[in-house]
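Asks: Below are the C-alpha cells for one structure; questions will follow.
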Amino acid sequence: QVQLVESGGGLVQPGGSLSLSCVASGLSFSNYVMSWYRQAPGKEREFVAFISRSGDYTNYAGFVKGRFTISRNNAKNTVYLQMNSLKPDDTAMYYCNARSGNDFWGQGTQVTVSS
C-alpha cells in the first residue's frame, strides 16, 4: 500500500533551521506532484509548498517565500522541505501530500519553534 513517512521535525529556536523529509513507497513517485501542508493546533490545515513531478516548478505560500525551499529526489522517492529563519508561527504538524488523481497523506512530523 502507499506510505508517506515524514521525518526531521523537532524543537528549534526562532531564527533556526530544520530540514524535513518525506519518503514515499507503494507508488510511482515521479508521477506524483508533491506538496507540504501544515496544521497548527486549533487551525485548519494549510498549504505550504508544491513541487512538480520533475521538480522544475515550485510554488509557495506567501508566508514562507524566501525562507522555505521544497525539493525532490525521484531516484530516492523523497521530497524535502528546507526551513530557514523559523518563527514561532511556523509551529505546526507538517504533512506531505502526493497527488495524481488520488490523494495520499503522511502521518506528519511536529515542528515546534520556541525559545
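Throughout, our numbering is defined as the position within the sequence shown, counted from one, plus 12. Think of the CB as a built atom: it goes at the ideal place given N, C-alpha and C, for glycine as much as any other residue. As the structure is a prediction and not an experimental result, all values here were calculated from the model.
Cutting at 6 Å between CB atoms, please list the residues of its own chain near residue 122, excluding the five before and the five after it.
Replies: Within the sequence shown, the letter at position 110 stands for residue 122. Result list for residue 122: 21, 105, in chain order.
Asks: Give the DSSP bridge partners of residue 128, in chain order.
Replies: With the chain covering only 13 through 127, there is no way to say anything about residue 128.
Asks: When the distance is taken between beta carbons, is residue 28 closer than 8 Å to residue 98?
Replies: Reading the sequence shown from its first residue, position 86 is the one you call residue 98. Reading the sequence shown from its first residue, position 16 is the one you call residue 28. Yes, these two residues count as a Cβ contact at 8 Å.
Asks: Which partner residues of residue 85 appear in the DSSP bridge assignment?
Replies: Sequence index remark: in the sequence shown, residue 85 carries index 73 (1-based). Bridge partners of residue 85: 90.
Asks: So for residue 75, helix, strand or coil by DSSP?
Replies: One-based indexing of the sequence shown puts residue 75 at position 63. Coil at residue 75, not helix or strand.
Asks: Helix, strand or coil for residue 127, going by three-state DSSP, please let me know.
Replies: Stepping through the sequence shown from its first residue, residue 127 is reached at position 115. Note: residue 127 maps to coil in three-state DSSP.
Asks: Would you mind working out which of 41, 115, 49 sits nearest residue 32, comparing C-alpha positions?
Replies: Position 20 of the sequence shown, counted from the first residue, corresponds to residue 32. When each option's Cα is compared against that of residue 32, the closest is 49.
Asks: For residue 31, report the span of its beta strand (DSSP E) as first-last.
Replies: Mapped onto the sequence shown, residue 31 falls at position 19. First-last of the beta strand (DSSP E) with residue 31: 30 to 37.
Asks: Select from 59, 23, 18 the residue whose C-alpha is nearest the C-alpha of residue 51.
Replies: What you label residue 51 is simply residue 39 of the sequence shown in a count that begins at 1. Selected option, being the one with the closest Cα: 59.
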